[in-house]
Amino acid sequence: MTIVRKLVPYVIAIIASFAAAGIFIALTGANVFQAYETILFTSFRTPNGFVQTLLKFIPLTLQALAFTIPLTAGKFNMGGEGQMIVGAIAASVVGILGADLPAVILLPLVVLAGVAAGAIWGFIPAWLLYKFNINEILTSMLLNFVSFQIIDLVATGALRDPVAGHPTTVQIGQGGFLPMLIKNPPLNAGLILALLVAAGVYLYTTRTTGGYELVATGANPRAAAVFGINVKRMFVFSIVLAGAIAGLSGVIEVAGVQHRLIVGLQHNFLVLGVIIALISRGNNLAVPFVAFFIAILEIGASAMQRTMNVPIEMVFIVEALVLLFVLLSDVFRRR
Amino acid sequence: MESLVTFLRLTLLSMVPFVLAAQGTMLGGRTGVFNVAQEGIMLVGASLGFIGSYLAGGSTLVGIAAAVLVGGIFGLALAYFTTTLKMNQFVIGLSLLFIGTGLSTLIPKLVIGVTLSQPLIPTLQDLPIPLLSQIPFLGTVLFSHNILVYFAIVLSIGLWYFLFRTQLGLELRSVGENPNAADSLGINTSKHRYMTAIIGGMLIGLAGAYLPMVYTGTFTEGMVKGRGWLTIALTFFAGWSPLPVLYGSLFFAGIEVASYRFQAGGIAIPYQYLLMVPYLATILVMMFTFRKTRVPGFLGNNYDREKRSL
Chain L
1 MTIVRKLVPY VIAIIASFAA AGIFIALTGA NVFQAYETIL FTSFRTPNGF
51 VQTLLKFIPL TLQALAFTIP LTAGKFNMGG EGQMIVGAIA ASVVGILGAD
101 LPAVILLPLV VLAGVAAGAI WGFIPAWLLY KFNINEILTS MLLNFVSFQI
151 IDLVATGALR DPVAGHPTTV QIGQGGFLPM LIKNPPLNAG LILALLVAAG
201 VYLYTTRTTG GYELVATGAN PRAAAVFGIN VKRMFVFSIV LAGAIAGLSG
251 VIEVAGVQHR LIVGLQHNFL VLGVIIALIS RGNNLAVPFV AFFIAILEIG
301 ASAMQRTMNV PIEMVFIVEA LVLLFVLLSD VFRRR
Chain S
336 MESLVTFLRL TLLSMVPFVL AAQGTMLGGR TGVFNVAQEG IMLVGASLGF
386 IGSYLAGGST LVGIAAAVLV GGIFGLALAY FTTTLKMNQF VIGLSLLFIG
436 TGLSTLIPKL VIGVTLSQPL IPTLQDLPIP LLSQIPFLGT VLFSHNILVY
486 FAIVLSIGLW YFLFRTQLGL ELRSVGENPN AADSLGINTS KHRYMTAIIG
536 GMLIGLAGAY LPMVYTGTFT EGMVKGRGWL TIALTFFAGW SPLPVLYGSL
586 FFAGIEVASY RFQAGGIAIP YQYLLMVPYL ATILVMMFTF RKTRVPGFLG
636 NNYDREKRSL
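As they're listed, the protein sequences go chains L and S. Residue numbers for the first sequence follow my numbering, beginning at 1 and rising by one. Residue numbers for the second sequence follow my numbering, beginning at 336 and rising by one.
Listed below in structure tokens is the structure:
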């Protein structure tokens, strides 16, 4: 019963935002119901559509977790994008330089390099917060813009693939590829990694002492400090952990999907990740489910743009509206 | 000498979006409303400024009006959700940021459609001030700019006078420092928060419109390029005061111009390093100034008079 009652605001939010977007879609002259159908069911029509949805689901889940973990401690990590990019860069540089190594050695190196790079990229705003008390929203966001230049530098530098038109590096060594769960359509083992991370984060925040300290810090930092929790260290830890997870999402894009570094591989995963995290209200258990829903919308949106000529941003507005309506439902519940 | 004149002139020209957006942010912050949606509001301001001007046959005035209006609507939304509904300012700010970003690309696609070559709008004309613009050096650097450059300077001085020399300005600042005390003196805290958030939003929208209207003549996706975020940093280390915001904008604009000039100058560093400079410089400056700057006491919080403690 309680779970049904919890879902009610979500259902209302989804219906309301679809209705709002329907008006815009009608304005473009497209058939509204056909558009809805395309958005919601493209993922389930073909095996390829479903696998594409899962491939979106992986980075979306990880990006959302990279936001919810610091949020639990009351901090906002807006640097998931940069952390993903440096993770992807480190993974591909290691994958290219160690191309001759066997998979047993190369694959763990690729993954570790990416995760570590993401963690380091997260450590910078965390350290600035710890040491200088600088607002982490700002620094983590600014570092994204720095990472855009770094990826451009790497993809147009010595490792560049000369035949590719778009800035891209050469392929990483075969040993650095993530194993495939399904060959055709290709689905990589990143899915398992993402699910493991999601489960791990959930267990950590709800079942362990460290996770409890994180929650306590977010709930009331002053009270937490009184009870002997090093609040500032929790801030740092949460953002570094988030960076590592975002870095992993970069690793999976490189080692699982593209097998090379491509400028622009971050898409808009950060923004969608934040939307997912906020729709989940920071609840780590809800994150994978919301992420899957958003992945369906994203796949549907690109199909809608292809077949019906309705701009893909339409669905982005739907997602932002769902978020706004879910947030509003909190207000009305309080009354 | 010649290149110094050009550099200073361009710095003043590029200062405007920073000044307008940061004054808007500052104004809201002075009553405790912390806007983090600058990037989105600037994008939608740029987009609608371009569309408005394009649809009106190249009328700058219509474009500016459209950008100011949409900025005001975003400011109103921020004020309503945070002040009336008392929702978390960062979360609402992020939501507005996303909506603004989405709308900024959606609207041109709906109105203009996808075209091979981007349509162009006329850019703002320079308005040299008679006599003053004849002064050697200073005339070129200071007195022959488009109207928004002058507006940005006058606005900054006007805001300083308003906030620190008038009764209303004092009341407004008290809302951002201690709304409880302000409320007990009969100051309408909600009204002040709405007013500053709306006017602040308008200024941020106008800051966005400056980009297509002065730099490019057209709207391109993501053309704000982090200036909205840099603005927040700027407002912080200007101590939420109008005049330091003006000086700080010069610094930001100087870095921006320098990084582009170096790039065009064909210096043998990959251009990507130069494009990183504004963001890295901002972080560095924050390291040295952040602790010393003053911040409105109630910044980022929502006031609920029915709650006993803050």
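The C-beta atom is built at its ideal place from N, Cα and C for all residues, glycine as well.
Residue i burial status per 10 Å Cβ neighbour count (16 or more: buried)
i: S/P613; result: buried
i: L/M180; result: exposed
i: S/G493; result: exposed
i: S/Y545; result: buried
i: L/T209; result: exposed
i: L/E81; result: buried
i: L/K6; result: exposed
i: S/P631; result: buried
i: S/F633; result: buried
i: L/A19; result: exposed
i: L/F235; result: buried
i: S/Y496; result: exposed
i: L/T2; result: exposed
i: L/L323; result: buried
i: L/E319; result: buried
i: L/K75; result: buried
i: L/G114; result: buried
i: S/L645; result: Bear in mind that a pLDDT of 49 at S/L645, under 50, signals an unreliable position, so the model cannot answer this.
i: S/E337; result: exposed
i: L/A158; result: exposed
CB contact check: residue i to chain L, cutoff 8 Å
i: S/M558; result: no
i: S/L645; result: Legend: pLDDT at S/L645 = 49, less than 50; position of this residue unreliable, no value from coordinates given.
i: S/A356; result: no
i: S/S430; result: yes
i: S/L441; result: yes
i: S/R528; result: no
Proximity test, Cβ basis, 8 Å: residue i and chain S
i: L/Q149; result: yes
i: L/V274; result: yes
i: L/L142; result: yes
i: L/I137; result: yes
i: L/I239; result: no
i: L/F18; result: no
i: L/L128; result: yes
i: L/F235; result: no
i: L/I134; result: yes
i: L/V287; result: no
i: L/V271; result: yes
Residue nearest to residue i in terms of C-alpha spacing, selected from the options
i: S/S382; options: S/P631, S/K421, S/I604 and S/A542; result: S/A542
i: L/A255; options: L/F24, L/R333, L/T2 and L/P186; result: L/P186
i: L/I252; options: L/S302, L/A189 and L/V271; result: L/A189
i: L/I39; options: L/I14, L/W127, L/A198 and L/I69; result: L/I14
i: L/V111; options: L/I124, L/P125 and L/V93; result: L/V93
i: L/L193; options: L/L248, L/T168 and L/P70; result: L/L248
i: S/T553; options: S/T419, S/N370, S/V371 and S/Q453; result: S/Q453
i: S/F472; options: S/G367, S/I534 and S/L343; result: S/L343
i: S/L345; options: S/L538, S/F478 and S/K526; result: S/F478
i: S/E456; options: S/V397, S/M622 and S/Y485; result: According to the sequence as given, residue 456 of chain S is Ile; it is not Glu. Among S/V397, S/M622 and S/Y485, the Cα nearest to that of S/I456 belongs to S/V397.
i: S/V388; options: S/E591, S/N481, S/P443 and S/F597; result: According to the sequence displayed, residue 388 of chain S carries Ser and not Val. If we check each option's Cα against that of S/S388, S/P443 comes out closest.
i: L/V231; options: L/N31, L/S280 and L/T72; result: L/T72
i: S/I447; options: L/P311, L/V331 and L/R333; result: L/P311
i: S/T450; options: S/T555, S/A593, S/Y550 and S/I470; result: S/T555
i: L/V51; options: L/F332, L/I299 and L/N283; result: L/I299
i: S/R629; options: S/L348, S/V484 and S/E512; result: S/E512
Residue i: CB within 7 Å of a non-hydrogen atom of the ligand MN
i: L/L193; result: In the structure on display, the ligand MN does not appear, and there are no ligands present to speak of.
Under 7 Å, CB to CB, which of the residues in the region 306-331 of chain L have a partner in chain S? P311, E313, M314, F316, I317, A320, L323, L324, L327 and V331
Quick check: the region 129-145 of chain L against the region 219-229 of chain L, are there 3 or more CB pairs under 8 Å? no
Using a Cβ cut-off of 9 Å, which residues of the region 51-82 of chain L contact any Cβ in chain S, in chain order? F76 and M78
Stretch pair the region 403-411 of chain S + the region 43-61 of chain L: three plus CB contacts closer than 8 Å: no
Does the count of Cβ pairs from the region 556-566 of chain S and the region 355-363 of chain S closer than 8 Å reach three? yes
Segment contact flag, the region 371-381 of chain S with the region 582-596 of chain S, C-beta cutoff 8 Å, min 3 pairs: The answer is no - the region 582-596 of chain S does not touch the region 371-381 of chain S, with fewer than three Cβ pairs under 8 Å.
Can you list, in chain order, the residues of the region 144-175 of chain L whose Cβ is nearer than 7 Å to any Cβ on chain S? For the region 144-175 of chain L, which is checked against every Cβ of chain S, the residues closer than 7 Å are F145, V146, Q149, D152 and L153.
Determine which residues of the region 26-52 of chain L have a Cβ less than 9 Å from any Cβ of chain S, and write them out in chain order. L27 and T28
Does the region 434-442 of chain S come close enough to the region 568-580 of chain S that 3 or more CB-CB pairs lie under 8 Å? no
Is the region 92-109 of chain L in contact with the region 166-173 of chain L, if contact means three or more CB pairs nearer than 8 Å? yes
On the three-pair Cβ rule with 8 Å, is the region 417-424 of chain S touching the region 316-332 of chain L? With a cut-off of 8 Å, the region 316-332 of chain L and the region 417-424 of chain S count as touching, because enough Cβ pairs lie within range.
Name the residues in the region 247-267 of chain L whose C-beta lies less than 8 Å from a C-beta of chain S; which are they? none
Three or more C-beta pairs under 8 Å: does that hold for the region 117-134 of chain L against the region 194-209 of chain L? no
Decide if the region 588-600 of chain S is in contact with the region 518-531 of chain S; the criterion is three or more beta carbon pairs, one per stretch, under 8 Å apart. no
Contact list for the region 361-375 of chain S against chain L, Cβ threshold 7 Å: Near chain L, meaning a CB-to-CB distance below 7 Å, the residues of the region 361-375 of chain S are V371.
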